[in-house]
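*Asks:* Residue numbers are given in my numbering: position 51 of the sequence shown equals residue 60, and the series is strictly consecutive.
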Amino acid sequence: MTEDTTSGVVFDVSTMRPSSAGADQPALPALVLVSTPIGNLQDVSSRAREALAGTDVILCEDTRTSATLLRAHGIKTPTQALHEFNEAARIPTLIEAMRAGRRFALISDAGTPLVSDPGYRLVRAVIEAGLPISGIPGPNAAVLALTLSGLPPQPFLFSGFLPPKSGARRTAFERLRGAELGGLAATHVFYEAPHRLAAFLEDAAAIFGPRPAAVARELTKRFEEVRRATLPDLAAYYAEHAPRGEICVIIGPPQAEEAPVETLDAALAQALTAMSLKDAAAAVAAAMGLPKKQVYARALALGRVAAPE
Ligand code: SAM
Numbered sequence: 010m011t012e013d014t015t016s017g018v019v020f021d022v023s024t025m026r027p028s029s030a031g032a033d034q035p036a037l038p039a040l041v042l043v044s045t046p047i048g049n050l051q052d053v054s055s056r057a058r059e060a061l062a063g064t065d066v067i068l069c070e071d072t073r074t075s076a077t078l079l080r081a082h083g084i085k086t087p088t089q090a091l092h093e094f095n096e097a098a099r100i101p102t103l104i105e106a107m108r109a110g111r112r113f114a115l116i117s118d119a120g121t122p123l124v125s126d127p128g129y130r131l132v133r134a135v136i137e138a139g140l141p142i143s144g145i146p147g148p149n150a151a152v153l154a155l156t157l158s159g160l161p162p163q164p165f166l167f168s169g170f171l172p173p174k175s176g177a178r179r180t181a182f183e184r185l186r187g188a189e190l191g192g193l194a195a196t197h198v199f200y201e202a203p204h205r206l207a208a209f210l211e212d213a214a215a216i217f218g219p220r221p222a223a224v225a226r227e228l229t230k231r232f233e234e235v236r237r238a239t240l241p242d243l244a245a246y247y248a249e250h251a252p253r254g255e256i257c258v259i260i261g262p263p264q265a266e267e268a269p270v271e272t273l274d275a276a277l278a279q280a281l282t283a284m285s286l287k288d289a290a291a292a293v294a295a296a297m298g299l300p301k302k303q304v305y306a307r308a309l310a311l312g313r314v315a316a317p318e
């Protein structure tokens, strides 16, 4: 049972029915987010099927793409398009219809809606309107790729798609590397298009060095493949073997041996702008997996150089 904090509606998510609802009352919330397959049409839960069959309207990123899935599961609910380009304009009408009692499900072309897909603005509007909202979990390429990568599953940082051009992409990688120097130690998860994969890996290798990484391709489909190697090795492989299909890239967190003096100095210099010498040494040591004593000694030495008589 969950209470919508804005509307006060008590909602039984196991049956998708407001707890006070009789047979004549709507069986679904105003908006239900439904995850759909990322390749294998059978990856639809029975709750997802029931919600899609029982709602008034299914909002689809692309109605033609979703028609294949809905047909495969015998779902005849009317569909409407809700994509990046019409989402903002459609919101007032959708909220009005929800207030009048119409129930909507939101799906995207694949996986979990909103994750590198449309729907965020609609979800915000539904929450702000105090209407009941729920979700039916299911496939998501990023999480499946992460769990198959063999790299630490948490913490992880999902960045979705980076900019397509190399200069902007390198800037994005540098920003992530900067966060690492400031203490972030997370596995990175990205989406990427096949024709950009080789260049993406080359840029990643230039910024992150020989980190362990994985390329997960065509998950849940016939040619599913997960290739695990260092970034430079993956870059070299995909420069020679143009990949096809849908791709996630996973990059492991910083390695302990990735801490040459310049990097350690940079991390300390950054940390010292916000913390005491002792705290900065402790934070950097933890982030880089280095002995605290060694980092503290280096921080002291740096302090002496930075503050001459
Ligand atoms: N909302 C989706 C989700 O939950 O995974 C992702 C949508 S995003 C527009 C599509 C991207 O997800 C693809 O370009 C690819 O990077 C990744 N992706 C989707 N399906 C995949 C699959 N079967 N195998 C690997 N990556 C996939």
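Every residue gets a Cβ at the ideal spot worked out from N, C-alpha and C, and that includes glycine.
If you count every other CB in all the chains shown that lies within 10 Å of the CB of H197, and 16 or more means buried, which is it?
*Replies:* Here the question's residue 197 lines up with position 188 in the sequence shown. Its Cβ being crowded by 16 or more others within 10 Å, H197 is buried.
*Asks:* Determine the closest residue to G128 out of L91, G139, P101, with distance taken between C-alpha atoms.
*Replies:* What you label residue 128 is simply residue 119 of the sequence shown in a count that begins at 1. Among L91, G139, P101, the Cα nearest to that of G128 is on L91.
*Asks:* I think T86 touches A62, with their Cβ atoms under 8 Å apart; what is that distance to the nearest whole Å?
*Replies:* Walking along the sequence shown from the start, residue 86 turns up at place 77. Walking along the sequence shown from the start, residue 62 turns up at place 53. With a Cβ gap of about 6 Å, T86 and A62 count as contacting.
*Asks:* Select from L273, R237, A222, R253 the residue whose C-alpha is nearest the C-alpha of P262.
*Replies:* For the purposes of this step, residue 262 is taken as the residue at position 253 of the sequence shown. P262 has its Cα closest to that of A222, out of L273, R237, A222, R253.
*Asks:* Distance, Cα to Cα, A276 vs S175?
*Replies:* The residue given as residue 276 occupies position 267 in the sequence shown. The residue given as residue 175 occupies position 166 in the sequence shown. The straight-line gap from Cα to Cα measures roughly 25 Å.
*Asks:* So, is R80 buried or exposed, given that buried needs 16 or more other C-beta atoms within 10 angstroms?
*Replies:* Reading the sequence shown from its first residue, position 71 is the one you call residue 80. By the 10 Å Cβ count, R80 comes out exposed.
*Asks:* Between L131 and L185, what straight-line distance do the alpha-carbon atoms span, to the nearest angstrom?
*Replies:* Sequence index remark: in the sequence shown, residue 131 carries index 122 (1-based). Sequence index remark: in the sequence shown, residue 185 carries index 176 (1-based). Each residue's alpha carbon lies about 29 Å from the other.
*Asks:* Which residues mark the beginning and the end of the beta strand (DSSP E) in which R237 is found?
*Replies:* For the purposes of this step, residue 237 is taken as the residue at position 228 of the sequence shown. Taken as a continuous stretch (DSSP letters only), the beta strand (DSSP E) holding R237 covers 234-239.
*Asks:* Verify the contact flag: G48, CB atom, against every heavy atom of the ligand SAM, threshold strictly below 7 Å.
*Replies:* As a working note, residue 48 is residue 39 in the sequence shown. For the ligand SAM, at least one heavy atom lies less than 7 Å from the Cβ of G48.
*Asks:* I want to check one thing, is the minimum distance from the CB of I145 to the heavy atoms of the ligand SAM below 7 Å?
*Replies:* Counted from its first residue, the sequence shown places residue 145 at position 136. Checking the Cβ of I145 against the ligand SAM gives no.
*Asks:* Could you spell out where the beta strand (DSSP E) holding P221 opens and where it closes?
*Replies:* As a first step, residue 221 must be located in the sequence shown, where it is residue number 212. Element bounds for P221: 221-226.
*Asks:* Would V66 and I145 qualify as a contact pair, given that the criterion is a beta-carbon distance under 8 Å?
*Replies:* Within the sequence shown, numbered from 1, the residue matching residue 66 stands at position 57. Within the sequence shown, numbered from 1, the residue matching residue 145 stands at position 136. Not closer than 8 Å, so no.
*Asks:* If we ignore side chains and look at the alpha-carbon of each, how far apart do V152 and N49 end up?
*Replies:* Your numbering for residue 152 matches position 143 in the sequence shown. Your numbering for residue 49 matches position 40 in the sequence shown. Those two C-alpha atoms are separated by around 16 Å.
*Asks:* Heavy atom of the ligand SAM less than 7 Å from the Cβ of L228, yes or no?
*Replies:* Mapped onto the sequence shown, residue 228 falls at position 219. Because some heavy atom of the ligand SAM lies under 7 Å away, the Cβ of L228 counts as near it: yes.
*Asks:* Tell me which residue opens and which closes the alpha helix (DSSP H) that G176 is part of.
*Replies:* Walking along the sequence shown from the start, residue 176 turns up at place 167. From DSSP, the alpha helix (DSSP H) with G176 extends over 175-190.
*Asks:* Under the assumption that L240 contacts V224 (Cβ atoms under 8 Å), give the Cβ distance between them as a whole number of angstroms.
*Replies:* As a position in the sequence shown, residue 240 is number 231, starting the count at 1. As a position in the sequence shown, residue 224 is number 215, starting the count at 1. So it is not a contact: roughly 10 Å between Cβ atoms.
*Asks:* Using only CA atoms, which one of A251, L115, A57, P252 lies nearest to Q89?
*Replies:* Position 80 of the sequence shown holds residue 89. Checked all of A251, L115, A57, P252; the closest Cα to Q89 is L115.
*Asks:* Where in the segment 27-111 do unbroken runs of the beta strand (DSSP E), each at least 3 residues long, occur, reported from the N-terminal end onward?
*Replies:* Segments of the beta strand (DSSP E) lying fully in the segment 27-111: 40-43, 66-69, 88-90.
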